[in-house]
Each structure stands twice: as C-alpha cells, then as structure tokens.
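In my numbering, the protein residues as written are 32 to 424.
Encoded as structure tokens, the structure appears first; notes follow it.
Okay, here's the thing in structure tokens:
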C-alpha cells in the first residue's frame, strides 16, 4: 500500500489508492478478519497521517487492546493514540502484570485522556510513580502532567510523589520529575510553596552535581553532561525563585557557577547559558549576578549564529527594564547589530537602541541612526525615520 501511494503522480491518483485500500479494510472489518486486524490498523494509521478520515477503524483499536498478545496490544494502543479522540473513555491496562503493557497504557493515557479519565485513573498513575522499573516511573510522571493539566484540583495528590522523583539518579526519571514539579507549580500555589520549602536545596545540589560531573558518554552532548536536564532544572529554579528572596538567595551561588563555567562555543552550552540568564533576570534582586547575565547576552551579540544573536537582543530588551546601566555598556555592539544584513536582527536591534536612549546619550545615538539612515534598505527607512523623529520630540 505504501509503495502504491508513493508511486502516485497526482493527488487524484493518491485518493483513488486510499479509497481502494479503505474499502478493502472495511470489508475485512465486516468479515471480522482477526489474522490481519493488526496489519489493517497499521495501514489505517498511515492513511490517517496522510490526512484521510479513518474513524471507522476506532473500534478495531479496542479489539486489539482487548487481545492477550503484546504485539497486538502495542498496535492497538498506538492506534488509540492516533485514531481516537480524547473523549473516548477506555479501560486501560494500568494494573497488568506485564510492565511493557503498563507502559503502553500510560503512553495512551498521557496522550488521549479526558478530564473524566484523568480523574478516574489518577490513583493508579500516582501508584505507578513508585513502580520498581524506572521506565514506568518516567511514563507515569509524564502521564501525571497530563492529568494535572486536565484536572488541576488533583495537583495536591501528586506533590509528595513528585518531590520524591527529584531524588532519582536515573536521568530519564529525574527530568520528567522536574517537569512534573514545574507544571505543578504553574497550576497550584500550594505546590509552589511546598517545593519552595522542601526542594530548593535538593535541586541546587542536583544541578551542582550535574554541572561538576565527569564525562559520561550516556548523557554527554558536545562535552556537556545532559544539557536538557540542566535547562529543566534552571526553569524550575526560576519559578521557585520568583518573588521569594530566601529562595533566590539559596540558588545564587550555583547560578553564578553555571553562568561563569559553561562553555559558549557549542549550542548545548548556549542553551544552558540562555536559560541561566533568564533565571537570573527573573529571581529576586542580585546586582552582581545580573551584570554577569547581561555580559553573557553581550557575548551572544558577537556570536556568528544569527539565532543566538536574535535571542540575545530579545533578552536584552527584557533586561533593560531591570538594569539599564549594565545594558548601556553593550551599546556599541548593539549599534553594530543595527547594521546587520539579517532583517530580523536589524529590526530588533533598532527597537533596543530606541529603548537605550536617555538624556545623556540622545545626541550620539541620534547621530548614529541618521548615519545609518543614509545607507539602510528602503524597507527600514520608515522605521528609522519614525524613531529619529520620536527621539527629537
């Protein structure tokens, strides 16, 4: 079937092939052909991904889920995730003796559960957060995220199990545990206070251990141990530090270490530095740390990668509201960005220059903009002229 579809030269030919295959699958469904049921469902999933209606195959998913064999259940759950919408209420094998089937059930629940399903199955998922196999704990944590988003009232039930996941040594479980805690903080102020009181020291220690850990081929990316976990931890610390001076004080040392020791010659390092800067700018006031963060953004502006430069300009626009004096030190680099060949960088740099203007620098900055106006592209002349007129006023 796939070969026939790929051989089609026109959309009409493809529709004809799909129509023919769907008719054959319908006939097999009507004949209750059990031997080819899983193959027919696999075909329907492919047809679904091409954008054709496959609703008539929904019941086949349930029949395969009800079968005893793992291969059939696997196809059934995969079809469930693709072909059924979340309103379909399905009894899922969360209590099965085969851990792989439990894993499939968790994947399905994490993708399609409705609020009703989430409420009914939350106790089983909560229990699986302490399951012996790390793979199941990881999937249960991801499933828990879906549950608390669907039913925020259940957040309280997951606070204690989520905090225990933060002590995990298995990186896969730990990163999902961190994400679960992050989402709990977003939906519940009670969870936010709980993690502030009980988990900040542990999170700081975990981040320090990862930042100082020796080379590990399993988690290493460009010479950095698990940058994905770095980023998730920094995001959670940012949420916990916002609006709380004591929590912010607990994390200043590790933030300074990450900001000063992370290498910026690879994208993995830049991702960590960006997240670290955003965390520093979001937590309670620490002048020295903020200067360090803004200096990192200044280095971003000198990077050859336009994406990193654009990100740096974006963050500096936020930083200027917090520490305008520190941003002023990078004025020359920002003005160079106004002359960049990339239109998006030009526009963002121009907006930042406008924010930098004050009584002491209005004359030199206006002069720079007038000089650039003479050589700029036609599409930017209007913006630059408007900015200059606004400054003169």
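Glycine residues also receive a C-beta, built at the ideal position from the N, C-alpha and C atoms.
- [ ] Could you tell me the boundaries of the alpha helix (DSSP H) in which residue 233 lies?
- [x] 231-243
| said: Report the CB separation of residue 269 from residue 237 in whole angstroms; it is logged as a contact under 8 angstroms. | reply: Rounded, the Cβ-Cβ distance is 15 angstroms, inconsistent with contact.
Inset, instruction - Count the other CB atoms, across all protein chains shown, that sit within 10 Å of the CB of residue 41; report buried if there are 16 or more and exposed otherwise. - result: exposed
For the stretch 177-185 against the stretch 143-155, are there 3 or more C-beta pairs whose distance is under 8 angstroms?
-> yes
- Message: Report the start-end ranges of each beta strand (DSSP E) in the stretch 360-399 that is 3 residues or longer and not cut off at the edges.
- Response: none
Worksheet item: Is residue 85 helix, strand or coil by DSSP?
Response: coil
| request: Could you name the residues of the same chain whose beta carbon sits closer than 6 angstroms to that of residue 118, not counting the 5 residues immediately before and after it, in chain order? | output: At residue 118 the pLDDT is 43, less than 50, meaning the model places this residue with poor confidence; the figure from the coordinates comes in the next sentence. If we look at residue 118 and ignore the five residues flanking it on each side, its Cβ neighbours are 145.
Are the CB atoms of residue 287 and residue 231 within a distance shorter than 7 angstroms?
no
For residue 337, I'd like the list of residues in its chain whose CB is within less than 7 angstroms of its CB, leaving aside the five on either flank, ordered along the chain. 373, 376
Q) If you run the structure through DSSP and keep just helix, strand and coil, what is residue 256? A) strand
Are the stretch 240-256 and the stretch 212-221 touching by the rule of at least three beta carbon pairs closer than 8 angstroms? no
request  = Between the Cα of residue 387 and those of 412, 235, 351, spot the shortest distance and give me the residue it belongs to.
outcome  = 351
Review point. Cβ of residue 333 within 7 angstroms of Cβ of residue 273?
Key: no
Exercise. Is it buried or exposed for residue 306, if we count other Cβ within 10 angstroms and need 16 for buried?
Worked result: buried
**Request:** Can you grab the Cα-Cα spacing for the pair residue 152 / residue 170, in whole Å?
**Result:** 14 angstroms
* Asked: With which residues is residue 155 paired in a DSSP beta bridge?
  -> The partner list for residue 155 (beta bridge, DSSP) is empty, contrary to what the question assumes.
Original post:
In chain order, which alpha helix (DSSP H) runs of at least 4 residues are fully inside the stretch 150-224?
Top reply: 165-181, 186-196, 202-218
* First through last residue of the alpha helix (DSSP H) which encompasses residue 300 -> 298-313
Of the listed residues 403, 409, 410, nearest to residue 419 (C-alpha basis)
403
task = Compute the distance between the beta-carbons of residue 245 and residue 303, then report whether it is under 7 angstroms.
result = no
In whole angstroms, give me the CA-to-CA distance for residue 407 and residue 370.
8 angstroms
Label residue 395 either buried or exposed according to how many other C-beta atoms from any shown protein chain fall within 10 Å of its C-beta, with 16 as the threshold for buried. exposed
- Residue burial classification, residue 346 (beta-carbon count within 10 angstroms, cutoff 16): buried
Can you give me the C-alpha to C-alpha distance between residue 293 and residue 299, rounded to a whole angstrom?
9 angstroms
(Q) Give me, in chain order, the residues of the same chain whose beta-carbon lies closer than 7 angstroms to that of residue 379; leave out the 5 immediate sequence neighbours on both sides. (A) 341, 344, 345
Length of the line joining the Cα atoms of residue 204 and residue 59: 42 angstroms
### Message
Just to confirm, is the Cβ distance from residue 135 to residue 79 under 7 angstroms?
### Response
no
Open item on the list: Quick check on residue 120: does DSSP put it in helix, strand or coil?
Closed with: Residue placement at residue 120 is flagged as unreliable, the pLDDT there being 40, under the threshold of 50; the coordinate-derived value follows with that caveat. In the structure shown, residue 120 sits in coil (DSSP, three-state: anything other than H, G, I, E or B).
For residue 48, which residues of its own chain have a beta-carbon under 7 angstroms away from its beta-carbon, when the five flanking residues on both sides are left out? 35, 36, 39
First and last residue of the alpha helix (DSSP H) that includes residue 343? 337-350
- prompt: So the alpha helix (DSSP H) residue 64 belongs to, where does it begin and stop?
  reply: Note, residue 64: premise wrong, no alpha helix (DSSP H); not H, not E.
Discussion item. Taking its Cβ as the centre, do 16 or more other Cβ atoms sit within 10 Å of residue 263, making it buried, or is it exposed?
Written reply: buried
Checklist entry - What's the gap between the Cα of residue 83 and the Cα of residue 62? => result 23 angstroms
- Query: Taking the C-alpha atoms as reference points, what is the distance between residue 229 and residue 186?
  - Reply: 16 angstroms
Report task. Give the DSSP bridge partners of residue 251, in chain order. Result -> 256
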